[in-house]
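Per full-length UniProt numbering, residue 1 is the first one in the sequence shown, and the count goes up by one each step.
For every residue, glycine included, the Cβ atom is placed at its ideal position computed from N, Cα and C.
Small disclaimer: the values here were computed from a predicted structure and weren't measured.
So the structure is just underneath, and the comments pick up after that.
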Amino acid sequence: MFAPSTEPWGALASAQGTLGRGDTSPHVPWSASAGGRALWRSKMMKHFERAKESLRSNAQCVRGRRRARRSARGVRGVMLALALCGVGAVSVWGGWRRRHAMRPGRMDRVPLEARRVEDVGVVEGELGSGAMMLSCGALDAEVGGFKGVVRRFRPTRVRSGKSLFSWPGAAKTAVLTGVNADAADAKASLEAFLTHYLDFGKIPAKNVFVVVHDRLGKEESNAKVLEALLIERGVTYDVYVGSKLLHSELSTFWQRHLDGGKLDEEDWVILADLDEHLTVPPREDLGSEGHSIPLFLAQADELGYEVVNGIWIDRVTSDGSLTEANGQSLHKQFPKKCQVGPECDLRRKPPRGTAPHHERMVIAHKLKFAIRDVRSLHDFAIDDFARPKPLTVAQKRVFPVPVAVQHFQWTAGTEDRLRGLAESYEACGLKDANVALTELASSLERANHKMTTKTCPSLSCDDTLADNGNSSIRRIAIVTTVWEHVDGVSRTMKRFSEYLRGRGDTSVLVMSPDLAEQDYLRANVDDDIHELVAPVPAIEVPGRPEYKFAPPLRAQQRVVLSAYRPHVVHVAAPDMLGHSAVHWAAEVGVCSVCSYHTAFDTYMQYYHASVLSHPIEHLLKDFYGKCDVVAVPTYAAAAHLRKLGVPGERMGFFPRGVNQTLYSPKMRDSKYRKEMFGADDDEIIILWVARIVREKGLQSFMNTVKALNRAAAKEPDLPKFRVVIAGDGPDLGWVRGTLSQYSNVVILGHKGGANLAKTYAAGDIFFFPSKTEVIPNNLIEAMASGLPVVTDDVGVNRAIVQDGVSGIIVKHTAVIPRDVSNYVHALKRLMKDKTLAKRMSQAAVESTVGLTWERTFESLLHAYDRCRPGLPYARHIPREKLDEPKAYPRTYEPTETTRDVIVDDGAPSYSLLYRISRGITGGYVRSLEDAKRDDEVFAKDGSFA
1 MFAPSTEPWG
11 ALASAQGTLG
21 RGDTSPHVPW
31 SASAGGRALW
41 RSKMMKHFER
51 AKESLRSNAQ
61 CVRGRRRARR
71 SARGVRGVML
81 ALALCGVGAV
91 SVWGGWRRRH
101 AMRPGRMDRV
111 PLEARRVEDV
121 GVVEGELGSG
131 AMMLSCGALD
141 AEVGGFKGVV
151 RRFRPTRVRS
161 GKSLFSWPGA
171 AKTAVLTGVN
181 ADAADAKASL
191 EAFLTHYLDF
201 GKIPAKNVFV
211 VVHDRLGKEE
221 SNAKVLEALL
231 IERGVTYDVY
241 VGSKLLHSEL
251 STFWQRHLDG
261 GKLDEEDWVI
271 LADLDEHLTV
281 PPREDLGSEG
291 HSIPLFLAQA
301 DELGYEVVNG
311 IWIDRVTSDG
321 SLTEANGQSL
331 HKQFPKKCQV
341 GPECDLRRKP
351 PRGTAPHHER
361 MVIAHKLKFA
371 IRDVRSLHDF
381 AIDDFARPKP
391 LTVAQKRVFP
401 VPVAVQHFQW
411 TAGTEDRLRG
421 LAESYEACGL
431 KDANVALTEL
441 ASSLERANHK
451 MTTKTCPSLS
461 CDDTLADNGN
471 SSIRRIAIVT
481 TVWEHVDGVS
491 RTMKRFSEYL
501 RGRGDTSVLV
511 MSPDLAEQDY
521 LRANVDDDIH
531 ELVAPVPAIE
541 VPGRPEYKFA
551 PPLRAQQRVV
561 LSAYRPHVVH
571 VAAPDMLGHS
581 AVHWAAEVGV
591 CSVCSYHTAF
601 DTYMQYYHAS
611 VLSHPIEHLL
621 KDFYGKCDVV
631 AVPTYAAAAH
641 LRKLGVPGER
651 MGFFPRGVNQ
661 TLYSPKMRDS
671 KYRKEMFGAD
681 DDEIIILWVA
691 RIVREKGLQS
701 FMNTVKALNR
711 AAAKEPDLPK
721 FRVVIAGDGP
731 DLGWVRGTLS
741 QYSNVVILGH
751 KGGANLAKTY
761 AAGDIFFFPS
771 KTEVIPNNLI
781 EAMASGLPVV
791 TDDVGVNRAI
801 VQDGVSGIIV
811 KHTAVIPRDV
821 SNYVHALKRL
831 MKDKTLAKRM
841 SQAAVESTVG
851 LTWERTFESL
861 LHAYDRCRPG
871 LPYARHIPRE
881 KLDEPKAYPR
891 TYEPTETTRD
901 VIVDDGAPSY
911 SLLYRISRGI
921 TGGYVRSLED
931 AKRDDEVFAK
941 DGSFA
């Protein structure tokens, strides 16, 4: 089990917002993976343009002087020179006027009664990227005005205390918020906001702009007290006097000040309500500045990100009461950290219908995106925008890990604020939102002003949740180069990710170069808080474009992993990306679990490159030897790794399951068999289902098909048969050309889902002569579908198929055999002996009972929970003490010598579940006595037959 997190920041697994759905190419090219921003270029271009204007003006003066010297009349020459210089000066002055035409302070001097929304450029109809203004009736006429800022808004850059100078190209960070002067807790909330962002978040006071809404506009107004506080803290502010403030006017007002504050589109803006406190990942190398928001955004900026999402954590008092915020720490006053659910999270997410899409989970964004197109404040101003479309931004520009936002919204006066917001929705024609907010306010009153599950049925609070969003739930980072590509590795890892997402107690970050648009869309669903995705740069493997070649983890990926702070890094392949992920985990003290999927050392013999087998064996030994846990699917795979030199004490169990509802003899469909295979009822179907690549024993398969057809021509008693090949791959053309002469060969191509299950069930014999499998999923699926199996005599096949019981193990065959008589003999035996084939079919189905995906994934979670960074698998810790890992330092002496196992007698004794996990740490047994017997056999023989 995982102990509660004590770090000052972390990432609660969350949705990444509904962003970037316009990105159609999620793969990141190598050239775009580091430093995507070009702020320095834009600034240099501005300086260049100014210098060019100056040079042009000087050139005009020089030309005038030359003409004057050449002129016999000096006076005319001087006058011409002065005229040309004057033209240049006017040109420069005009450019300066244009650049500063929208500086703040000019319109602010217009009398309040003379200013209207039209003055600041807001028009009816479409705004920005699809934003539409709503008609708010009488509210549109209740327009007030701003008094004018005391000081101009001039945000500054932030440098680290470890450097003498700030980087000239570093982005600036502006924080915008608003405070209602007539709110009872306005001063306390504003003090807490400024303390958090200025003192804790290290935002310079110059970078914060606060709008004070003074509805009364009288001398005795509370606005004076707030102004005094803002002046004391050195924060830029303005006071809006008027009964109603529309977001259309507010956003344009802020946009004008941002434009006039020497900010450009590459700088950052944080638009936060007074009760929203952003907490960024800590940087240990910065010491006291580790929680600096500007430095975090500067780092994100260097890596090319343009949007940072947030995960809102609602803070509630110990008893759920809605109390008034006082002078003490809000974190102590509201200690409970909760998710309130959709029924109560109505200020951020009002009923959709025609309501504005408030919550896109964006907390910080580049100024290239207009404020009104990103989000609105929830508790300040009336949102008169409807945003029917998500913000369009490339997924590679969205920081993959959402940052925590502490939300102190459940305080005294919540009911009044809800009703006030409901009235504004009603005025703007948003009836659904009006009804929902009014009902929530009434529910809180009926519950004696308390947040309970009666008020909010989905209310969920986690006492182990840190202020940063970190909790005791598992955080798993899956690093793999294959994800969308269809093979056994990707299918297994995607199924595992879906399983974890459904559990609700584990979050997953998938880091891969093989992500598709649908992966981003699924991760960006608001209600899905358990899967995140992060791209990796890559290039296609020559000749095998379905596979990607990814470099080691780069700065961008390292920052994302550091922000996510995983408990476990699960690496799926021993490539460069996988090596660097294991190295990163060792550096930061995170457990690395490496699943063993592919025996690369056995592939070379099929490509006439056997000389490379020995170096590859050394690479595999080096990689898996550095992993804290090596998750193997069978005892045969564990034996192969031991032979390479990987320590056995590092191995855990990760088998493969099968969906016995989908893969079942009940899926046999005569109509499908006739339409797809062209087979009559009396024909025997010999089936191949796998990727069409030569390392799967493709040459042996084709040679056997040829030999079987020759035998059929000579043996009249051999039953009529048809060979069906389902799969796709780079060698498909080779297969088509080789077997095209045989009319009884049917090539289906790729099949998936229900069609794949029907294809299995429509077969009669499964023939798969592969010697390179680590765990052949297709064998298990075929057996579950009722097919007897004919396969090669290698360890993993012997672990799955009982020779003479559920299939036939063919012995004495070569890698690329010229003599395939043993394969032909095995196939002819099953074709002629229907009784034997039927008995093996039944045994094959029964052997897969109990081998479920749930048990498969539970065994992997078992390994996760017992993994200790830098130490062997926790097999020797007493079982009753497994939840106290801190009690066992590195000097701890083992007290338990028996193998750690999962006792589960829910499957039949003949199930593959027990057969393939013999002797493996974390394997399944029906009883401890069975585990003891297996260990005795292994100790005596060194292996299992």
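query                                                                                                           : result
Length of the line joining the Cα atoms of residue 947 and N326                                                 : Nothing can be reported for residue 947, as the shown portion of the chain is limited to 1 through 945.
CB of D601 within 8 Å of CB of S613, strictly                                                                   : yes
Length-filtered (3 minimum) beta strand (DSSP E) runs lying within the stretch 174-246                          : 208-214 and 236-241
Those runs of the beta strand (DSSP E) which lie wholly inside the stretch 248-323 and span at least 3 residues : 268-271, 276-279 and 307-316
Cβ-Cβ distance between A726 and M783 below 8 Å                                                                  : no
S512, enclosing beta strand (DSSP E) - first and last residue                                                   : T506 to S512
Rounded distance between the beta-carbons of C867 and V568, thought under 8 Å                                   : 6 Å
For E531: DSSP bridge partner residues                                                                          : V508
DSSP state of S821 mapped onto helix, strand, coil                                                              : helix
Endpoints, alpha helix (DSSP H) assigned at E715                                                                : Looking at the DSSP string, E715 is not in any alpha helix (DSSP H), and its letter there is neither H nor E.
Proximity below 8 Å, CB of L444 to CB of T455                                                                   : yes
Reduced DSSP category for Q333 - H, G, I as helix; E, B as strand; rest coil                                    : helix
Rounded straight-line distance, which links the Cα of N797 to that of F334                                      : 59 Å
W410 - DSSP class collapsed to helix/strand/coil                                                                : coil
Complete beta strand (DSSP E) runs within the stretch 781-817 (minimum length 3 residues, chain order)          : 789-792 and 807-810
Opposing strand residues paired with Q339 [DSSP bridges]                                                        : S460
Given I816 as reference, the closest of G923, M702 and G906 once Cα atoms are compared                          : M702
Status (buried if at least 16 other CB within 10 Å, exposed otherwise) for H365                                 : buried
Distance, Y547 Cα to A931 Cα                                                                                    : 40 Å
Alpha-carbon to alpha-carbon, L295 and G310                                                                     : 17 Å
Straight-line gap, R933 to R491 (C-alpha atoms, nearest Å)                                                      : 34 Å
Buried/exposed call for L928, threshold 16 Cβ in 10 Å                                                           : exposed
A476 (DSSP reduced to helix, strand or coil)                                                                    : With the sequence shown as reference, residue 476 is identified as Ile, and Ala is not the correct amino acid for it. I476: strand per DSSP, three-state reduction.
Beta strand (DSSP E) segment containing E546, residue limits                                                    : R544 to F549
At least three beta-carbon pairs within less than 8 Å, the stretch 895-915 to the stretch 843-862               : yes
Beta-carbon proximity list for G201, same chain, < 6 Å, skipping 5 on both sides                                : I293
Cutoff 6 Å; reference Q518; Cβ partners in own chain excluding five residues on either side                     : none
Selected residue, minimal CA-CA separation from I747, among G729, A761, A757 and I616                           : G729
Rounded straight-line distance, which links the Cα of D182 to that of L216                                      : 8 Å
Nearest residue (CA-CA) to D373, options S248, V774 and L459                                                    : S248
Same chain only: Cβ atoms within 6 Å of Q339, ignoring 5 sequence neighbours per side                           : S460
Under 8 Å between C-beta atoms of G193 and T173                                                                 : Residue identity check: residue 193 is Phe in the sequence provided, not Gly. It is not a contact, given that the beta carbons lie outside the stated cut-off.
Residue range of the unbroken beta strand (DSSP E) whose run includes K626                                      : Element bounds for K626: not the beta strand (DSSP E) but the alpha helix (DSSP H), S613 to K626.
For W688, three-class secondary structure by DSSP                                                               : strand
Limits of the unbroken alpha helix (DSSP H) element including A726                                              : Counting along the chain, A726 falls outside any alpha helix (DSSP H), though it belongs to the beta strand (DSSP E) covering F721 to A726.
Closest by C-alpha distance to Y596, when choosing among S610, M651, P457 and A586                              : M651
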